[in-house]
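Heads up: the structure comes next, in structure tokens.
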Amino acid sequence: MAYKIVKSQCTACGACEFECPNAAIKFKGEAYIIDPDKCTECAGQADSPQCVSVCPVPKTCVPA
Amino acid sequence: MADIISLGGLQIASRDELGKAMEGGGCAASSCGSKAGPADMDPAVWAKVKDHPCYSEEAHHYFARMHVAVAPACNIQCNYCNRKYDCANESRPGVVSERLTPEQAARKVLAVAAEVPQLSVLGIAGPGDAAYDWRKTRATFDLVQKQLPDIKLCLSSNGLAMPDHVDEIVAMNIDHVTLTINTLDPEVGAKIYPWIFFRGKRHEGVEAATILLQRQMESLDMLVARGVLVKVNSVLIPGINDEGMLELNKVVKAKGAFLHNIMPLISDPAHGTHFGLTGQRGPSAAELKAVQDACGDGANLMRHCRQCRADAVGMLGEDRGQEFTLDKLPEVVGDDGGKRAAYRDWVTREREDRRAAADAAQAEAADVAAPPMLVAVCTKGGGRINQHFGHATEFQIYEVDASGVRFVTHRRADNYCVGGHGEGETLSEIIRTLEGVPVVLCARVGDGPRAKMAAAGIEVIDACAQDYIETAILDLYAARHRKGALTA
Ligand code: SF4
Ligand code: SF4
Ligand code: SF4
Chain A
95 MAYKIVKSQC TACGACEFEC PNAAIKFKGE AYIIDPDKCT ECAGQADSPQ
145 CVSVCPVPKT CVPA
Chain B
789 MADIISLGGL QIASRDELGK AMEGGGCAAS SCGSKAGPAD MDPAVWAKVK
839 DHPCYSEEAH HYFARMHVAV APACNIQCNY CNRKYDCANE SRPGVVSERL
889 TPEQAARKVL AVAAEVPQLS VLGIAGPGDA AYDWRKTRAT FDLVQKQLPD
939 IKLCLSSNGL AMPDHVDEIV AMNIDHVTLT INTLDPEVGA KIYPWIFFRG
989 KRHEGVEAAT ILLQRQMESL DMLVARGVLV KVNSVLIPGI NDEGMLELNK
1039 VVKAKGAFLH NIMPLISDPA HGTHFGLTGQ RGPSAAELKA VQDACGDGAN
1089 LMRHCRQCRA DAVGMLGEDR GQEFTLDKLP EVVGDDGGKR AAYRDWVTRE
1139 REDRRAAADA AQAEAADVAA PPMLVAVCTK GGGRINQHFG HATEFQIYEV
1189 DASGVRFVTH RRADNYCVGG HGEGETLSEI IRTLEGVPVV LCARVGDGPR
1239 AKMAAAGIEV IDACAQDYIE TAILDLYAAR HRKGALTA
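Residue numbers (the working numbering), protein chains in the order written: chain A, 95 to 158; chain B, 789 to 1276.
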């Protein structure tokens, strides 16, 4: 139960990083990545996965 | 060429030396901001804008700005923006070359401030939204303010997150904010913004545009109420928001916006924006001017915006960003602000001089009864005619008549003198660019281009090299019409 970021799509804007309620998203090297152990898919914290909602690029934050 | 004056190796002992340095190295500039000078402006407002190259047309001749791209995250999506490449909020499409942390940005500002005494403003203007990505914006401003208290701070935002930070903005002495507002009509907004992200949720369509508009108006009211100068930017999109632009101009003026900057949509398909891909065209220069003219008595219009990159450095109309990339920055930058203080001193006296000279020339032209005339000027800044015709990457267009000289717009020109030899192709492009402008004033021009320009009906004059722009234009106008009167 986690999301991941499709690296080739990501513009590295960082919006997902500070919307994630679990601090699961970090900038590593060249891109943002989601730590699957921390990601809860925002269950119980928001109506929808926050990274998906804020990401400007469609189909970039997707279920792992 | 980005040949801003570098005072690095110079001892600024006197104003004369600085004057000489300006003539030699020159500093690039262009035109900007409110046309109003101190005479017709509230002194409190003038104090805020007098050194801001984007807010005061006079200041653009003397001062430089820099943008740092520290806040790339955005809370809305605009159809004219593609963040894979750049943000549209306030930057010309083109990749922002570096993504900076606040610490890196502060180091860069320090390095530029030490090199470029004209620097007076640091702005955060995309890609992304400076008020949404607030932690990075604030951290950057905090660091800079501690080390360079004389540099003014400004930011630009779509307004959605702005109301949450207005108090901090006031507390941090940020006294200029740019809000991008494209329409008052949520139906129209829905055609510009596919979605917004607000309070944890993505909203779409008219609902999204309604929330955004309401927050934009709230931002404008809050900022104005606290004495922050607000410039409103609008992207003119033919067939979408052009009809409402007049009304928008009236409303933002009534709410106290200081400047309204109506900018053309840039929609090259190569930039990959929604509008670019769907073939939405940008306005022609004539359409843009027609809308700007119709808004003439609305909020002061800004006619000189360069739609700069979000990481531009230098005088408006130039970009020295490549000289200050991270890998070129010194580890430790020493700066005591002395050069900037000396430079500002010099500017104060130079401005007085220039104004007095213009007043004198004005008196000469006051009784000329002739139609207004357009004049193009090649300048590197300092308010003087000091650029070689072949080096101009843009022409500043002025209009003159008996009531005085007014800046009208700038027109871009590709560097005629690429690599030291002129290119016929570019020259014909310049002739097209200068349509309707019979005279060009520059510091120097070769015989070849002068003859070709003359054949096209455009006179290129280098007799008033180094003169103040206003003075030279007024003298020319007065002389022309005296001559005309004799031969007639
Ligand atoms: S789904 Fe929620 S918890 Fe998981 S990475 Fe995205 S924002 Fe964070
Ligand atoms: S919001 Fe999307 S584009 Fe931006 S960093 Fe996260 S995954 Fe990348
Ligand atoms: S884009 Fe350039 S000209 Fe326009 S406001 Fe910003 S710095 Fe000034």
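Just so you know, even glycine gets a beta-carbon here, dropped at the ideal spot from N, CA and C.
Please read all numbers here as calculations on a predicted model, not as lab measurements.
Checklist entry - Quick one: is the Cβ of P152(A) within less than 7 Å of any heavy atom of ligand 1? => result no
Item to check | Neighbour list for P860(B) in chain A, Cβ cutoff strictly below 9 Å | outcome: T105, A106, C107, G108, A109
Checklist entry - Nearest CA to the CA of F929(B): which residue from Y920(B), C942(B), H848(B)? => result C942(B)
Next on the checklist: Tell me the rounded alpha-carbon separation between A1153(B) and A1145(B).
Outcome noted: 13 Å
Checklist entry - Just checking, does the region 956-973 of chain B make contact with the region 998-1010 of chain B on the three C-beta pairs under 8 Å criterion? => result yes
Item to check | Chain-ordered residues of the region 973-996 of chain B with a beta carbon less than 8 Å from chain A | outcome: F985, G988, K989, R990
Next on the checklist: Let me see if you follow: with CB-CB separation under 8 Å, is P150(A) close to chain D or not?
Outcome noted: In the structure shown, chain D cannot be found, because the protein chains are A and B.
Item to check | Beta carbon proximity, A865(B) to chain A, threshold 8 Å | outcome: Per the sequence shown, residue 865(B) should be read as Gln rather than Ala. Taking Cβ atoms only, chain A reaches closer than 8 Å to Q865(B), which makes this a yes.
Next on the checklist: Can you pull the chain A neighbours of R887(B), defined as C-beta to C-beta under 8 Å?
Outcome noted: A106
Next on the checklist: So if I threshold CB-CB distances at 7 Å, which residues from the region 893-918 of chain B count as touching chain A?
Outcome noted: G916
Checklist entry - Within the present structure, is the beta-carbon of Y868(B) separated from the nearest heavy atom of ligand 2 by less than 7 Å? => result no
Item to check | Collapsed DSSP secondary structure at F1046(B) in the structure displayed | outcome: coil
Item to check | Rounded C-alpha distance that separates M1241(B) from E1223(B) | outcome: 11 Å
Checklist entry - In angstroms, rounded to a whole number, what distance separates the CA positions of I1257(B) and R1142(B)? => result 9 Å
Next on the checklist: Taking CB distances under 8 Å as the criterion, tell me whether S102(A) reaches chain B.
Outcome noted: no
Next on the checklist: Is C114(A) near ligand 2 - that is, is its Cβ less than 7 Å away from at least one heavy atom of it?
Outcome noted: no
Next on the checklist: Just checking: is the beta-carbon of D141(A) within a distance shorter than 8 Å of some beta-carbon in chain B?
Outcome noted: yes
Next on the checklist: Using a Cβ-Cβ cutoff of less than 7 Å, which residues in the same chain neighbour Q1302(B) once the five nearest sequence positions on both sides are dropped?
Outcome noted: Look at the range of chain B in this structure, 789 to 1276, and you will see that residue 1302(B) is not part of it.
Item to check | Integer Cβ distance of A1072(B) from M1051(B), believed to fall under 8 Å | outcome: Here residue 1072(B) is Ser; the residue named in the question, Ala, does not match the sequence. That belief does not hold up - the Cβ atoms of S1072(B) and M1051(B) are roughly 14 Å apart, past 8 Å.
Checklist entry - Ordered along the chain, which non-local residues of its own chain (more than five positions away) have a Cβ less than 8 Å from that of D1155(B)? => result A1190
Checklist entry - Can you give, in chain order, each stretch of the alpha helix (DSSP H) that sits fully within the region 900-940 of chain B and has at least 4 residues? => result 922-935
Checklist entry - To the nearest whole angstrom, what separates the beta carbons of D1250(B) and R1172(B), a pair I think is in contact under 8 Å? => result So it is not a contact: roughly 13 Å between Cβ atoms.
Checklist entry - Closest Cβ-Cβ distance between A96(A) and chain B: below 8 Å? => result no
Checklist entry - Under 8 Å, do P951(B) and G916(B) count as touching if we go by C-beta distance? => result no
Item to check | Spatial distance of V151(A) from K98(A) (CA atoms) | outcome: 14 Å
Checklist entry - Should F121(A) go down as buried or exposed, given a rule of 16 or more other Cβ atoms within 10 Å for buried? => result exposed
Checklist entry - In terms of residues, what are the limits of the beta strand (DSSP E) holding H848(B)? => result Segment: none, H848(B) is in no beta strand (DSSP E) and carries neither H nor E.
Checklist entry - Is it buried or exposed for N961(B), if we count other Cβ within 10 angstroms and need 16 for buried? => result exposed
Item to check | Closest Cα partner of C1013(B) within the set K1043(B), I1028(B), A1243(B) | outcome: The sequence as given places Ala at residue 1013(B); Cys does not occur at that position. Out of K1043(B), I1028(B), A1243(B), K1043(B) has the C-alpha closest to the C-alpha of A1013(B).
Next on the checklist: Below 7 Å, is the gap between the Cβ of G108(A) and the nearest heavy atom of ligand 2?
Outcome noted: yes
Checklist entry - Can we count V148(A) as close to ligand 2, meaning its CB is less than 7 Å from some heavy atom? => result yes
Item to check | DSSP three-state assignment for C942(B), whether helix, strand or coil | outcome: strand
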